[in-house]
Amino acid sequence: MPSSNISDPHHRKRHLGVWRLLYSIPMNLIIYPLVSLWTLSGIIVFPIVFLFWKVALRWENARIMRLFIWFYGRGWLVIMSPFVQFRRMGFVKRTIEPPYIIVINHLSFFDFWCMALLPFSNVVVAVRSWPFRMPWFAPFMRLAGYLDVESLGWAGSLVSGSEIMKKGGSILFFPEGHRSRDGKLQRFYSGPFKLSEETGTKILPLCITGSDMLLPPGSWWMMPAKISLKALTPIDPKDFHRTLGHITLQKHTKAMIAQNLAGMRKA
Amino acid sequence: MIDEKVIEIINTSLANEFELDIEKMVPDALLYEDLGLDSLDRVDTVILLEQAFKFKIREEEEIRQIRTLGDIHTFVINKIQSLRETEGAIQ
Chain X
207 MPSSNISDPH
217 HRKRHLGVWR
227 LLYSIPMNLI
237 IYPLVSLWTL
247 SGIIVFPIVF
257 LFWKVALRWE
267 NARIMRLFIW
277 FYGRGWLVIM
287 SPFVQFRRMG
297 FVKRTIEPPY
307 IIVINHLSFF
317 DFWCMALLPF
327 SNVVVAVRSW
337 PFRMPWFAPF
347 MRLAGYLDVE
357 SLGWAGSLVS
367 GSEIMKKGGS
377 ILFFPEGHRS
387 RDGKLQRFYS
397 GPFKLSEETG
407 TKILPLCITG
417 SDMLLPPGSW
427 WMMPAKISLK
437 ALTPIDPKDF
447 HRTLGHITLQ
457 KHTKAMIAQN
467 LAGMRKA
Chain Y
42 MIDEKVIEII
52 NTSLANEFEL
62 DIEKMVPDAL
72 LYEDLGLDSL
82 DRVDTVILLE
92 QAFKFKIREE
102 EEIRQIRTLG
112 DIHTFVINKI
122 QSLRETEGAI
132 Q
């Protein structure tokens, strides 16, 4: 069979690669200006919306900011949608009852934006100190009450985390700490699992695939991608109540995520 | 228990619990910088060592001075030695 035949898997792969590369040119030319415009509009409109929510609905500042971030993310999803297919799985309304401690694998800078796929907006992201040093993110992160777990330390994170969850907020962790460079799951830190054990809050494991294709680590050139976000069955920490139970909970969660990621990638 | 056996138990326990790369587990390895442990892992390490060697160490001041994997080895070896001496003195 001649090598140029389209049914040849190697040829098809190369063909798709060329197509993706060509399609990425208008994608980058359109997306970056549109996202900049969307961000700028958000910054301009935000004080008005914030005041309205504050005065008319009497929401607390952090809650308004979280809703606004989620809505901003929704806009980002719409802007990206001609070039990126988003797929959400496992979010059955009746079984999803926040608050949760959400844990998700980390592949790309855009994983955070993809959290707009979540069906609820009251989510606090737990991060290390460095994002709080970025002047264009920090004010919004502080206003939303995001957790700087590095500065707070374990005791501070436990106190702040408990307060957030008492008010109905979920906390999102990337337990690997940083993006995976090869797609493989890295070591999980035990903080979220200890917090789950201490507060009795269920873990909601999430799996994300494809965001590394959209924007690979170290690159600013976006490529068309298919991004899937899957919610797994929430895990009750009560089932892991023993000495170092949070480490068993961590290993159990990681195994669930790894197994589902393998299935999603095969599919 | 000979020192090599103690070191092996420590390294295996830490590697299993914290998913550490056994090749990186050299005595000079700094717990935070080289092995990537955090403050919570430090607390868990104490519990792990207590379980593995059946002693109580969480109240001991010396734990706060531990910086490297080698420090843990030395601490545990000395602790076992001191417990033996105490037991010998009682008998």
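Protein chains in written order, with our numbering: chain X, 207 to 473; chain Y, 42 to 132. Where is the CB? At the ideal position from N, CA and C, for every residue including glycine. Note that the structure is a prediction, hence the values are computed from the model and not measured.
I107 (chain Y) and I98 (chain Y): beta carbons closer than 7 Å? On the second sequence, residue 107 (chain Y) is found 66 positions in, with the first residue counted as 1. On the second sequence, residue 98 (chain Y) is found 57 positions in, with the first residue counted as 1. Not closer than 7 Å, so no.
K460 (chain X) - containing alpha helix (DSSP H), residue span: Here the question's residue 460 (chain X) lines up with position 254 in the first sequence. Its alpha helix (DSSP H) spans residues 451–472.
According to DSSP, is S210 (chain X) helix, strand or coil? Here residue 210 (chain X) refers to the residue found at position 4 of the first sequence. At S210 (chain X), the pLDDT of 48 sits below 50, so the modelled position is not reliable and the matter cannot be decided from this model.
N-terminal and C-terminal residue of the alpha helix (DSSP H) that R269 (chain X) is part of: If you number the first sequence from 1, residue 269 (chain X) lands on position 63. First-last of the alpha helix (DSSP H) with R269 (chain X): 267–286.
Step through the CB atoms of chain Y and report whether any lies within less than 7 Å of the CB of G397 (chain X). Here residue 397 (chain X) refers to the residue found at position 191 when the first sequence is read from its first residue. Interface annotation, G397 (chain X): in contact with chain Y, CB-CB separation under 7 Å.
Alpha carbon of I333 (chain X) to alpha carbon of A130 (chain Y), nearest angstrom: The residue given as residue 333 (chain X) occupies position 127 in the first sequence. The residue given as residue 130 (chain Y) occupies position 89 in the second sequence. Looking at the sequence itself, residue 333 (chain X) is Val, so the reference to Ile does not match. Cα to Cα, V333 (chain X) sits roughly 52 Å from A130 (chain Y).
How big is the Cα-Cα spacing for G362 (chain X) and L421 (chain X)? The residue you call residue 362 (chain X) lines up with position 156 of the first sequence. The residue you call residue 421 (chain X) lines up with position 215 of the first sequence. The straight-line gap from Cα to Cα measures roughly 34 Å.
Excluding the 5 residues flanking D354 (chain X) on each side, which residues of the same chain have their C-beta closer than 6 Å to its C-beta? In the first sequence, residue 354 (chain X) corresponds to position 148, counting from 1. These residues qualify, in order along the chain: S335, F338.
Interface residues of chain X around S80 (chain Y) at Cβ under 8 Å? If you number the second sequence from 1, residue 80 (chain Y) lands on position 39. Here the neighbours are G359, W360.
I want to see whether chain X comes within less than 7 Å of I88 (chain Y), judged by CB atoms only; does it? Walking along the second sequence from the start, residue 88 (chain Y) turns up at place 47. Chain X, which has a Cβ nearer than 7 Å to the Cβ of I88 (chain Y), makes this yes.
Distance, L378 (chain X) Cα to I308 (chain X) Cα: On the first sequence, residue 308 (chain X) is found 102 positions in, with the first residue counted as 1. On the first sequence, residue 378 (chain X) is found 172 positions in, with the first residue counted as 1. When rounded, the distance between both Cα atoms is 5 Å.
Is there a C-beta anywhere in chain Y that falls below 7 Å from the one on R393 (chain X)? Position 187 of the first sequence holds residue 393 (chain X). At least one chain Y Cβ lies under 7 Å of R393 (chain X).
Own chain residues within Cβ distance below 6 Å of W259 (chain X), not counting five before or after: By one-based count along the first sequence, residue 259 (chain X) stands at place 53. Answer for W259 (chain X): W265, I270, listed in chain order.
For the putative contact between S327 (chain X) and W276 (chain X), defined by C-beta atoms under 8 Å, what is the C-beta separation to the nearest angstrom? The sequence position of residue 327 (chain X) within the first sequence is 121, counting from 1. The sequence position of residue 276 (chain X) within the first sequence is 70, counting from 1. With a Cβ gap of about 3 Å, S327 (chain X) and W276 (chain X) count as contacting.
I want to see whether chain X comes within less than 7 Å of E101 (chain Y), judged by CB atoms only; does it? Walking along the second sequence from the start, residue 101 (chain Y) turns up at place 60. Chain X contact via Cβ: absent.
CA-to-CA distance, A431 (chain X) to K65 (chain Y), given in whole angstroms: On the second sequence, residue 65 (chain Y) is found 24 positions in, with the first residue counted as 1. On the first sequence, residue 431 (chain X) is found 225 positions in, with the first residue counted as 1. The straight-line gap from Cα to Cα measures roughly 36 Å.
Within chain X, the residues that D85 (chain Y) reaches when beta carbons sit closer than 9 Å: For the purposes of this step, residue 85 (chain Y) is identified with residue 44 of the second sequence, where counting begins at 1. Going along chain X in sequence order, the residues near D85 (chain Y) (Cβ under 9 Å) are S396, K400, L450, H452, I453.
Taking 8 Å as the threshold, find out whether the segment 410–426 of chain X comes into contact with the segment 355–375 of chain X through three or more Cβ pairs. They do not touch, by the three-pair rule.
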